[in-house]
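Read in the numbering used here, the sequence shown has 35 at position 33, and its numbers run on one by one without any break. Just so you know, even glycine gets a beta-carbon here, dropped at the ideal spot from N, CA and C. Step one of this worksheet: look at the structure below.
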Amino acid sequence: MQKHQWGSGVYTADFPDIPAVMYNFAGDDLPTSLAEAAIGTAVKLLNYNEIVDIVFQGTNLLNASGTHPMHMHGYSLYAVGLGLGNFNNETDPRAYNLVDPPKVSTFGVPKRGWLAIRFRATNPEKNGDTEETSMRPPPSYMPPCIASKHKLFGETDQNLESDI
Numbered sequence: 003m004q005k006h007q008w009g010s011g012v013y014t015a016d017f018p019d020i021p022a023v024m025y026n027f028a029g030d031d032l033p034t035s036l037a038e039a040a041i042g043t044a045v046k047l048l049n050y051n052e053i054v055d056i057v058f059q060g061t062n063l064l065n066a067s068g069t070h071p072m073h074m075h076g077y078s079l080y081a082v083g084l085g086l087g088n089f090n091n092e093t094d095p096r097a098y099n100l101v102d103p104p105k106v107s108t109f110g111v112p113k114r115g116w117l118a119i120r121f122r123a124t125n126p127e128k129n130g131d132t133e134e135t136s137m138r139p140p141p142s143y144m145p146p147c148i149a150s151k152h153k154l155f156g157e158t159d160q161n162l163e164s165d166i
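Dropping the structure here:
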């Protein structure tokens, strides 16, 4: 919360809308070079009350295990779609269950398949136009945040005071 309120220097608000590299996610014999992820702290900032769809694409990368469990804190989610193979943004959303989708807090993304969730962003991530749509200021008794971005990547700091 403090990182948001006072400017973080830890994250950037440029999380991409689509994968940086497109390939046959459900294919066989995928090159191991695809397993090399970039290190970053990019986020997607959401507007209060925005309806958000996220599609999680399962792969066969490194002959990975089966269903991958996922969980997202702070929201109630609806599983609106599920399929095998690569998600097709033109055709697959037409089959979404928008009538009575299951409400979930944890869900599984199938290997070589996809799962689409939908939620309403009622947990403000950036301030809106009203008090209701804005983050509350941190309480006066809240201790300062001392985590540094270096610690996110396994480095240790012998002097925590230097991060304050």
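Against chain D, with Cβ distances strictly below 7 Å, would residue i count as a contact?
{"i": "His75", "result": "Of the protein chains in the structure, only one exists, and it is not chain D."}
Ignore the nearest five residues each way along the sequence and tell me which others in residue i's own chain have a CB closer than 6 Å to its CB.
{"i": "Gly130", "result": "Tyr50, Ser136"}
{"i": "Lys128", "result": "Leu47"}
Tell me whether the beta-carbon of residue i lies closer than 7 Å to the beta-carbon of residue j.
{"i": "Leu63", "j": "Ala37", "result": "yes"}
{"i": "Val45", "j": "Ala81", "result": "no"}
{"i": "Thr48", "j": "Ala123", "result": "It should be noted that the sequence gives Leu, not Thr, for residue 48. Yes."}
{"i": "Tyr77", "j": "Phe121", "result": "yes"}
With which residues is residue i paired in a DSSP beta bridge?
{"i": "Thr124", "result": "In DSSP, Thr124 forms no bridge with anything."}
{"i": "Ala81", "result": "Ile119"}
{"i": "Phe58", "result": "Leu117"}
{"i": "Gly110", "result": "Pro71"}
{"i": "Lys105", "result": "Tyr80"}
{"i": "Ala44", "result": "Thr14"}
{"i": "Leu86", "result": "Gly115"}
{"i": "Ile53", "result": "Arg122"}
Measuring only the C-alpha atoms, how far is residue i from residue j?
{"i": "Phe27", "j": "Gly87", "result": "8 Å"}
{"i": "His70", "j": "Val106", "result": "15 Å"}
{"i": "Pro146", "j": "Pro104", "result": "40 Å"}
{"i": "Met24", "j": "Leu117", "result": "17 Å"}
{"i": "Glu134", "j": "Ser35", "result": "46 Å"}
{"i": "Asp55", "j": "Gly115", "result": "17 Å"}
{"i": "Asn91", "j": "Met72", "result": "21 Å"}
{"i": "Pro33", "j": "Ser142", "result": "52 Å"}
{"i": "Asp19", "j": "Met74", "result": "18 Å"}
{"i": "Asp102", "j": "Asp94", "result": "17 Å"}
{"i": "Gly29", "j": "Asn99", "result": "27 Å"}
{"i": "Tyr13", "j": "Ala40", "result": "14 Å"}
{"i": "Asn161", "j": "Arg138", "result": "Low per-residue confidence applies at Asn161: pLDDT is 42, beneath 50, and the placement is therefore not dependable, though the value from the model is reported in the following sentence. In a straight line, the C-alpha of Asn161 is about 30 Å away from that of Arg138."}
{"i": "Asp31", "j": "Asn65", "result": "8 Å"}
Which residues in the same chain have their Cβ closer than 8 Å to the Cβ of residue i, if we skip the five residues on either side of it in sequence?
{"i": "Pro21", "result": "Gln59"}
{"i": "Asn125", "result": "Gly76, Tyr77"}
If we count Cβ pairs, one from each stretch, closer than 8 Å, do we get three or more for the region 44-60 versus the region 111-129?
-> yes
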